[in-house]
Amino acid sequence: MKIEFDKTKDKVIQVLCQQCKRNTRHIVLRSVDTSYSEDWGDGFISAESKYQVIQCLGCEEISFRTESSNSEDIDPEYGPVISEVIYPRRTMETINIKSYLNLPYHLNRIYKETIECYNNDLMTLCGAGARALVEGLCKEKSVKDGPVEEIKSDGSRIIKREKNLQGRINGLAEKGILTKKNADILHEHRFLGNEALHELSLPTKEELSLAITIIEHVLDSIYELPVKASKLRYARKKAGHA
16 MKIEFDKTKD KVIQVLCQQC KRNTRHIVLR SVDTSYSEDW GDGFISAESK
66 YQVIQCLGCE EISFRTESSN SEDIDPEYGP VISEVIYPRR TMETINIKSY
116 LNLPYHLNRI YKETIECYNN DLMTLCGAGA RALVEGLCKE KSVKDGPVEE
166 IKSDGSRIIK REKNLQGRIN GLAEKGILTK KNADILHEHR FLGNEALHEL
216 SLPTKEELSL AITIIEHVLD SIYELPVKAS KLRYARKKAG HA
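Below is the structure:
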């Protein structure tokens, strides 16, 4: 095997950027190229691979790219078939993990795992992760039950205290941790998680993308915005005394 260092250094290539969410120009910062060839008597085989550290010329995000081809994988019309792998893995649907500075550790861990499941097409586990986030939020806020409306056989309605996830989500609203509107939105997570876990149904990418957007909004409103608002009030108060 032949190994060459920085053979493609400074080369500019088009690659999908995870941050820019589109194909952008990337420059090769460092590279290792390998090549292999062997005469089999009745034929000759060869293979080439490129390993590159690349950087987006727009947002400056750094990634790792490999490119490989071999003499046994040839398209009759277009020639050698080139395989490309980019890490971190990304597509146009990839969701970037948000940095939460004030989110409790266990919720942050579940959130990151849920996003990883989404980005790796593990749809059932992603749905379960969405449910686990809601359950974790209830536990972190010490909400054990809440009011649930029940319609009886005669059409009358009664309010009961329930310890299931539906009750606990309503309990978050009851304590003023969530607005009624956000509580109603979280109920969609409850149903999505139930279906994924108990009925073994497969949530769609669209459903999960929307669910993740909603849960991020809820986490922002509970853990991040109050801290930012407090810092803003402090800055204004300090400026007023200046």
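Under the numbering used here, the letters of the sequence shown match residues 16 to 257, in that order. No residue lacks a Cβ here, since even glycine has one placed at the ideal position from N, Cα and C.
Check: Might you give, ordered along the chain, the residues of its own chain that have their beta carbon closer than 6 Å to the beta carbon of residue 156, omitting 5 neighbours on each side?; Outcome: 192
Check: Within its chain, find whatever has a CB closer than 6 Å to the CB of residue 123; leave out the 5 residues flanking it on each side and keep chain order.; Outcome: 115
Check: Going by DSSP in three states, residue 118 sits in which element: helix, strand or coil?; Outcome: coil
Check: Measure how close the beta-carbons of residue 184 and residue 201 come, nearest whole angstrom, since I'm counting them as under 8 Å.; Outcome: 5 Å
Check: Would you kindly report the start and end of the unbroken alpha helix (DSSP H) that includes residue 29?; Outcome: No alpha helix (DSSP H) contains residue 29, which is instead part of the beta strand (DSSP E) from 27-32.
Check: Excluding the five sequence neighbours on either side, which residues of its own chain have a C-beta within less than 6 Å of the C-beta of residue 162, listed in chain order?; Outcome: 174 and 185
Check: Excluding the 5 residues preceding and the 5 following residue 28 in the sequence, name in chain order all residues of the same chain whose CB lies nearer than 6 Å to its CB.; Outcome: 41
Check: Under the rule that 16 or more other beta-carbon atoms within 10 Å means buried, what is residue 129, buried or exposed?; Outcome: buried
Check: Just to confirm, are residue 78 and residue 70 a CB contact at a threshold of 9 Å?; Outcome: yes
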